Every structure is written in C-alpha cells, then in structure tokens.
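Undergrad: Protein sequence lines, in the order shown, are assigned to chains A and B. Per numbering that gives the first Met the number 0: the first sequence = residues 0 to 417. Per numbering that gives the first Met the number 0: the second sequence = residues 0 to 253.
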Amino acid sequence: MRILRSDIYENLKMALATLRANKLRSFLTVFGVVIGIITVMLIASIISGIDVSVTREVESFGTRSIYISKFSPGIQIGRRSREERMRKELTYDDAIALQSLPAIELSVPFLDITNNPFGQKLMVSGGGKTSAQVALQGTLPEFEKAGTQVISEGRFFTQTENDTNQLVCVVGSKVADDFFKIGSPLAQTIKIGPQEFRVVGVLEQREQFLIGGGSDDQNNVIYVPFNVAQKLKPNADDIYILAVARAGLMEEAKDQVRDTLRVRRQVPFAANDNFGMETSESILDNFRSITAGLAIAMVVISSVGLMVGGIGVMNIMLVSVTERTREIGVRKAIGARRADIMWQFLIEAATLTGLGGVVGLSIGWGLTLLLRLLLPSYVPLWAPIGGLLASVGIGLVFGLWPAWKAARLDPIESLRYE
Amino acid sequence: MSDATVTLSPTENVINAPATEVDGHDPSMLISMRDIWKTYQMGTEKVHALHGVSFDIPRGEYIAIIGPSGSGKSTLMNLIGCLDTPTQGQYWLNGKNVSEMDDDELARIRNQEVGFVFQTFNLLARATALHNVELPLIYGGVSASQRHEMAKQALTAVDLTDRMSHKPNELSGGQRQRVAIARALVNHPSILLADEPTGALDSHTSAEIMDLFERLHSEGNTIIVVTHEHDIAERAHRVISIRDGMIEKDERIR
Numbered sequence: 000m001r002i003l004r005s006d007i008y009e010n011l012k013m014a015l016a017t018l019r020a021n022k023l024r025s026f027l028t029v030f031g032v033v034i035g036i037i038t039v040m041l042i043a044s045i046i047s048g049i050d051v052s053v054t055r056e057v058e059s060f061g062t063r064s065i066y067i068s069k070f071s072p073g074i075q076i077g078r079r080s081r082e083e084r085m086r087k088e089l090t091y092d093d094a095i096a097l098q099s100l101p102a103i104e105l106s107v108p109f110l111d112i113t114n115n116p117f118g119q120k121l122m123v124s125g126g127g128k129t130s131a132q133v134a135l136q137g138t139l140p141e142f143e144k145a146g147t148q149v150i151s152e153g154r155f156f157t158q159t160e161n162d163t164n165q166l167v168c169v170v171g172s173k174v175a176d177d178f179f180k181i182g183s184p185l186a187q188t189i190k191i192g193p194q195e196f197r198v199v200g201v202l203e204q205r206e207q208f209l210i211g212g213g214s215d216d217q218n219n220v221i222y223v224p225f226n227v228a229q230k231l232k233p234n235a236d237d238i239y240i241l242a243v244a245r246a247g248l249m250e251e252a253k254d255q256v257r258d259t260l261r262v263r264r265q266v267p268f269a270a271n272d273n274f275g276m277e278t279s280e281s282i283l284d285n286f287r288s289i290t291a292g293l294a295i296a297m298v299v300i301s302s303v304g305l306m307v308g309g310i311g312v313m314n315i316m317l318v319s320v321t322e323r324t325r326e327i328g329v330r331k332a333i334g335a336r337r338a339d340i341m342w343q344f345l346i347e348a349a350t351l352t353g354l355g356g357v358v359g360l361s362i363g364w365g366l367t368l369l370l371r372l373l374l375p376s377y378v379p380l381w382a383p384i385g386g387l388l389a390s391v392g393i394g395l396v397f398g399l400w401p402a403w404k405a406a407r408l409d410p411i412e413s414l415r416y417e
Numbered sequence: 000m001s002d003a004t005v006t007l008s009p010t011e012n013v014i015n016a017p018a019t020e021v022d023g024h025d026p027s028m029l030i031s032m033r034d035i036w037k038t039y040q041m042g043t044e045k046v047h048a049l050h051g052v053s054f055d056i057p058r059g060e061y062i063a064i065i066g067p068s069g070s071g072k073s074t075l076m077n078l079i080g081c082l083d084t085p086t087q088g089q090y091w092l093n094g095k096n097v098s099e100m101d102d103d104e105l106a107r108i109r110n111q112e113v114g115f116v117f118q119t120f121n122l123l124a125r126a127t128a129l130h131n132v133e134l135p136l137i138y139g140g141v142s143a144s145q146r147h148e149m150a151k152q153a154l155t156a157v158d159l160t161d162r163m164s165h166k167p168n169e170l171s172g173g174q175r176q177r178v179a180i181a182r183a184l185v186n187h188p189s190i191l192l193a194d195e196p197t198g199a200l201d202s203h204t205s206a207e208i209m210d211l212f213e214r215l216h217s218e219g220n221t222i223i224v225v226t227h228e229h230d231i232a233e234r235a236h237r238v239i240s241i242r243d244g245m246i247e248k249d250e251r252i253r
C-alpha cells in the first residue's frame, strides 16, 4: 500500500476544507469530545493540585518524623476488633525509652486532654471568648527541636517549668487570633478548665489543606507542659509519641522503634504489632492510593464522554459519506483506490475529533488557570498529550466503519447517485 | 538452458493466428474488445446488457457510440472506462488485458489510461479549478510541484488560463466542462471518454465543447463520445450504433 506523506498532507487539507464548509455541524459533532477532554484536563489538574497541597502539608510534619499511636493509621471503618479494643495505651516511659535508641534523635510524648471517651471537654476561655474546640496537648520542651512547629513570638516552655508544674502554655496562631484580639498574647493569661495559664510563646501559622475548622485545625491548638496536662485531666491516657529519626536513618529508626515497642508491649513472636506507626511517607502512600482511585474514576467518566462523542462522529461521518456518494464516485473514476478513499475519510474523522481535542484542551487549560486560584494545581504533561492522542484515536476508531463504507462504494452506482 | 529455449517471434506466432492477431487481439489497436458479454442477475432472471460485442479502436481515432436508452451503451462505456469488468470476453486497453483485473488495478488503469468527461461535469464544488485538475495526479502519486505545472498546462490547453483559482460555482457551464476536460487530459491518458458531454449545455456552448474535442483530436488524442444525440455523434469520424446489447452498425463517416 502506498501512503506517501504528501497523501496525508493532501488529505489533511481536504479534511480541513470540508470541516470549514460545515462549521456548525462539525462543532456540534465534536462537542462530546470537547467535553471529554475538558474533563480529563480538569480532573488531572484537580488531582495534581490536591496532591501538591497534601504533600506540602504532610511534609511540614517532618520527613523524618514517626508518629506512634495505639492504633494503625488510616480511615477506620466499622467497629475495631477485640484485640484493638483491648490494646493498652502508650506511656510516657515508652517515649523516654525510644529517646535512647541510636537512630532516634529525639522522642516526645503527647497527652491529648482535649477530650476522652468519658470525660467532658475542657473549656478554654480568654479575652471574653469561650471555646471547647481548641486542641489541648501536653508535651515536653524537646518538641520544639522536632522542627515541626516554629515559634513566632516568645519561647517554648522549659524543662524546669515542666518539672515544677508551672501553668504556662504555647498557643497556635488561631488561638492567638481568637482569644487575644488586641495586643500580643505574650504574658497574658488564658483559662483552661478551672486554671489560668500564662502564654509564653506563639506558634507560626501552619499551612493547611482540606482539614479546616474546629479542633482539627492545626493552628487551633494549645501546648502545655506534660506534667501539667496530667494534673489537669488525671484520667486522660490518650498518649501518642513523636519520634524523629537521625538524618538518613529513617528505615533503621523505624525498625528500632518497632523492636523496642514490641518488647515493651510484650507482643508475642510472629504476632502483629499492637501499635501503629505513621510517617509522612506512609500518609502520602495512603493518600495516593485514594487519588489513584480518583484517577481511575476520571478515566471511566471521561471515556464515557469520549465514547458518546465518538458515536456522534460516526453518525455524522455516515451522513457525510452518503451526501458525498457522487464525489466518491468521481474520485474513484479518476483513479482513487479503496485505500485512498478509506484514508480520506479516516483522516477527515481524525481531523474533526483532533480539532475537538484542541478546543477541549484550550478551554480546559483556561479552566485550570482559574482553578489555580483555589489550589496549587498544575497540569501534568500526560493530560494534554493523552487527551490529544485519545481525541485523534477516537476519530480513527469511530471513523473506521464510515470510511470502510465509503471505500466499498461501487463507482458506477455512486456516479449515478443523485 | 538457453540453447533449448525456442522463442516465438511475433512473426512466427502470426502463422497460427488470423492476420495481425496476437493472444487473441490486435496489438496495433489501442482498444480491442473480443466477444464481450455483460449479464446482470435481476431477481431470478438473467438480463444480458451486452451480447458478444467485438470491435477495435486504433490510436488517434474520434469515435461516437450511439444508442437509445437501455441499448447497453452505458454498460459498454463503463467497460471501456474500466469502471467495471465484463462477465465474459476479453478487453485489451493499450496492450493490457483489463478484463480480469481487480479493483485496485482497475483504479490504476483509470488513473493512467482513461480521462472521463461527464454530463454533469462532476467537479469538486469546494475546490478551485486548479485543484480539481490536480486531483488525478494526486492519486497518481505525482509530486506537488510537478502536479501544479501539469495542471496549469492542461488548463491552458482548454483556454482557462485566467480561471485557475475560481471555484466551479464561479464558472459558466461551458467553463466547468472545460475544467472537467482539463482534468481528464492532465494525466495524458490513452483515451478521452466523454459521456453525453453536452447534455447539460445550451447549443452554443455545446458547439464550443465539440469544437474543443475536434481540436484535441487533431492534436492526437483518442476520443470516445457516448451519446444519444445524432448531431453530436456526427462530429465523430466513426460511429458505433448499439441496440439491444449488440452492435447494430459500425461505420466510418469521414
């Protein structure tokens, strides 16, 4: 079969001329393809935007951080198993034990006194405002060295203040804004439960995404000395531990933490861990398995759109073949072979959908620029390339049958066609 | 091996064949049709559109095929133009037996050997005169620059030098038919095959077109005009009359 480059070029010119002659019809025909491509572009950029945001946020918790808690991370569906419900709490001593591991730079415990299953919430009040939405955490001064929270004003509390049960606290940026509207919160007091605390430091605002408001707000937090927290809510036992690995020793650190905790928590050989460990990497893995699902959903949704578009293209190409029966007859009479006619219509269909793809890409591109006002989104390179290939491919696939019909037409009957 | 081979020269072959026949046809003729049958199946009935037609056309002849509708002249024209193959019989065009060719081979023969002129011109409406004339060259695989040159020459030959970039709807009927003739001639085919070329034209324009055919003939082209009009047929040098699928008369009139 002879397919010269000039043939494809000639066919392309002919196809463009035909499409120009039927502008409205061409546009309506490829509308489905346009929508399909816009969908691909938008969802790709939304997913990429969420990915960037989440990665940024998760990494701000520290790429060397290991969060250890009683339960495994991830979304809990349904009731926890009996084994899980029977798990004992992590302890202050666990945190101290991890501190001495060679691959661990520092290890601090957190006692969450915001809430517990039986106790009441501790109210926080100051500057005429009262709220039960503030996260209250008891921790040790070493926390500052983990580098996940940065002091913007004042200082962190000291070991001495912890040891001597001083009523001091470090507040998150949202707490500072909400409770101390006038002047610096430093040296002012805030009431937690029944007691007044002196503010010694204010944290820098953290960037956050998706998780906003209430006690989930990373900035709506107050840190108090660990010992004070225990006194404030004696029955609180909700402890988690932040361990920071030494540079380059993340894997070793995870192994050492696991081994130590298995011994301390008396996990039988070959049994599963009875605690959970989470790193920024594992959080991202979890998250990416969700976005992968989204990406598959995107492919399905947009391929339905493209499919509908393709059927429209097939329909219009069949009409076009019928309308141009006589032209096909003439072309055959002057020497066009079946393959020539076939290519003519295939290229016409592919040009039609390809142009639809280009229109879709331009509109989609515009929309993703708008989206950028909301999300740090970008369009991954595969989206426009894949979109364009898909749109041209649709033309070729759905143009196949009309083109074949055209190629098979009998020249004598076609010339007689009115 | 070569010693044992006995090659028959054309002259030796002639001994066993009548006069100038080789392989059952006359190689000096441009067109040789031998006992051509075309049969259509209409339901349960077989309809013979052509019953054993035979004739020869030498190079450079100007010939008219005439006959009433239903006589089989359209069928004969389709066969001559290689748009169709006979049910039975042999057809040699320019030394090639085209009666047993497949679709793509026929397309190639039509492209190289036959120039069609239709009653209704059949130009591409959206293409310029020049592009219409270039079309057979595109299918012949001629390069773009050469194509341009050849198409311009063909349009010049039919006196349309100043209408090359016009589209068919900007041209008069006679001009359109001249574009169609240029398209038919651009590949320098063996035959120019015209089907009722003046059927859609007024008498004045018809005369112009017929004058053009005469001129093209005098320049050495072989022209076959299929018509039912006697005054058109009379412009030719030889007239073949078809009736009921057979040659009724085959006479030289000038």
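Here a beta-carbon is modelled for each residue, glycine too, at the ideal position from N, C-alpha and C. Quick caveat, the model's predicted, so the values are computed rather than measured.
With a threshold of 6 Å on Cβ separation, who are the neighbours of Ile-282/A within its own chain once the five nearest residues in sequence on each side are excluded?
TA: Val-57
Undergrad: Quick one: list the residues of chain A neighbouring Glu-182/B, beta-carbon separation under 9 Å, in chain order.
TA: First, the residue type needs correcting, since residue 182/B is Arg and not Glu in the sequence shown. Ordered by position in chain A, the residues that pass the 9 Å Cβ test against Arg-182/B are Ile-333.
Undergrad: Would the segment 179-199 of chain B and the segment 113-127 of chain B be scored as touching if the rule is three or more Cβ pairs under 8 Å?
TA: yes
Undergrad: In terms of residues, what are the limits of the beta strand (DSSP E) holding Glu-195/A?
TA: 194-202
Undergrad: For Pro-410/A, decide whether its Cβ has a neighbour in chain B, counting only Cβ atoms nearer than 8 Å.
TA: yes
Undergrad: Determine the direct distance from the alpha carbon of Phe-109/A to that of Gly-213/A, and round the result to whole angstroms.
TA: In this prediction, Gly-213/A has a pLDDT of 43, which is less than 50 and means its spatial position is unreliable; nothing more can be read from the coordinates.
Undergrad: Out of Ala-126/B, Asn-186/B, Leu-75/B and Ala-179/B, point me to the one whose CA is closest to Ala-211/B's CA.
TA: Looking at the sequence shown, residue 211/B is not Ala but Leu. Leu-211/B has its Cα closest to that of Ala-179/B, out of Ala-126/B, Asn-186/B, Leu-75/B and Ala-179/B.
Undergrad: Helix, strand or coil for Lys-232/A, going by three-state DSSP, please let me know.
TA: Reduced to three states, the DSSP call for Lys-232/A is coil.
Undergrad: Is there a C-beta anywhere in chain B that falls below 8 Å from the one on Ala-16/A?
TA: yes
Undergrad: Report all residues from its chain with a CB closer than 6 Å to the CB of Val-359/A; omit the five preceding and five following residues, and keep chain order.
TA: Note that residue 359/A is Gly in the sequence shown, not Val. Same-chain partners within the cutoff: Val-33, Ile-36 and Ile-37.
Undergrad: Could you have a look at Phe-286/A and say whether DSSP puts it in helix, strand or coil?
TA: helix
Undergrad: If you measure between the beta carbons of Cys-168/A and Val-133/A, is that distance less than 8 Å?
TA: no
Undergrad: Return the chain-ordered list of same chain residues with a C-beta closer than 7 Å to the C-beta of Thr-74/B, the five sequence neighbours on each side being excluded.
TA: Lys-37, Ala-48 and Leu-49
Undergrad: Give the residues of chain B in contact with Glu-322/A, contact being defined as C-beta atoms less than 7 Å apart.
TA: In chain order: nothing, as chain B lies at least about 11 Å away.
Undergrad: Residues of the segment 95-111 of chain B in Cβ contact with chain A at a cutoff of 8 Å, in chain order, please.
TA: Asp-102, Asp-103, Ala-106, Arg-107, Arg-109, Asn-110 and Gln-111
Undergrad: Could you check the C-alpha separation between Gly-308/A and Asp-55/B for me, to the nearest Å?
TA: Distance between the alpha carbons of Gly-308/A and Asp-55/B: 56 Å.
Undergrad: Given Val-223/A, which residues of its chain have a CB within under 6 Å of its CB, disregarding the five upstream and five downstream residues?
TA: Gly-137 and Cys-168
Undergrad: Are Gly-355/A and Gly-386/A closer than 8 Å when you measure CB to CB?
TA: Going by C-beta atoms, Gly-355/A is not nearer than 8 Å to Gly-386/A.
Undergrad: Keeping to the same chain, check which residues put their C-beta closer than 7 Å to that of Pro-26/B; ignore five residues upstream and five downstream.
TA: Gly-94
Undergrad: Note down, in chain order, every chain A residue with its Cβ under 8 Å from the Cβ of Gly-139/B.
TA: Gly-334
Undergrad: Would you check if the distance between the CB atom of Ser-70/B and the CB atom of Ile-241/B is smaller than 8 Å?
TA: At the C-beta level, Ser-70/B and Ile-241/B come within 8 Å of one another.
Undergrad: To the nearest angstrom, how far is the alpha carbon of Gln-161/A from that of Pro-267/A?
TA: Residue 161/A is actually Asn in this sequence, not Gln. Cα to Cα, the separation comes out at about 36 Å.
Undergrad: Using a Cβ-Cβ cut-off of less than 9 Å, give me the residues of the segment 19-31 of chain A that come near chain B, in sequence order.
TA: Arg-19 and Ala-20
Undergrad: Are the C-beta atoms of Asp-284/A and some chain B residue less than 8 Å apart?
TA: no
Undergrad: Can a CB atom of chain A be found closer than 8 Å to the CB of Asn-220/B?
TA: no
Undergrad: Check for me: the beta strand (DSSP E) holding Leu-192/B runs from which residue to which?
TA: 190-194
Undergrad: Output yes or no for whether 8 Å exceeds the beta carbon distance between Ala-246/A and Ile-65/A.
TA: no
Undergrad: Flag Asp-339/A as yes if its beta-carbon sits less than 8 Å from any beta-carbon of chain B, otherwise no.
TA: Yes, Asp-339/A counts as interfacial toward chain B.
Undergrad: By the 7 Å beta-carbon criterion, what residues does the segment 118-139 of chain B contribute toward chain A?
TA: Asn-121, Leu-123, Arg-125, Leu-134, Pro-135, Ile-137, Tyr-138 and Gly-139
Undergrad: Express the C-alpha separation of Met-313/A and Arg-337/A in angstroms, rounding to a whole number.
TA: 19 Å
Undergrad: Could you name the residues of the same chain whose beta carbon sits closer than 6 Å to that of Ala-332/A, not counting the 5 residues immediately before and after it, in chain order?
TA: Pro-410
Undergrad: Locate the alpha helix (DSSP H) running through Met-249/A, then write down its first and last residues.
TA: If you look at Met-249/A, you'll find it in the alpha helix (DSSP H) that goes 249-263.
Undergrad: Give the list of continuous alpha helix (DSSP H) stretches no shorter than 4 residues that lie fully inside the segment 150-178 of chain A.
TA: Qualifying alpha helix (DSSP H) stretches, in chain order: 158-162 and 172-178.
Undergrad: Skipping 5 residues on each side, what residues in its chain have a beta carbon closer than 7 Å to that of Gly-172/B?
TA: Ala-199, Leu-200 and Thr-204
Undergrad: Which chain A residues are close to Asn-77/B, counting only those with a beta carbon under 8 Å from its beta carbon?
TA: Ile-411
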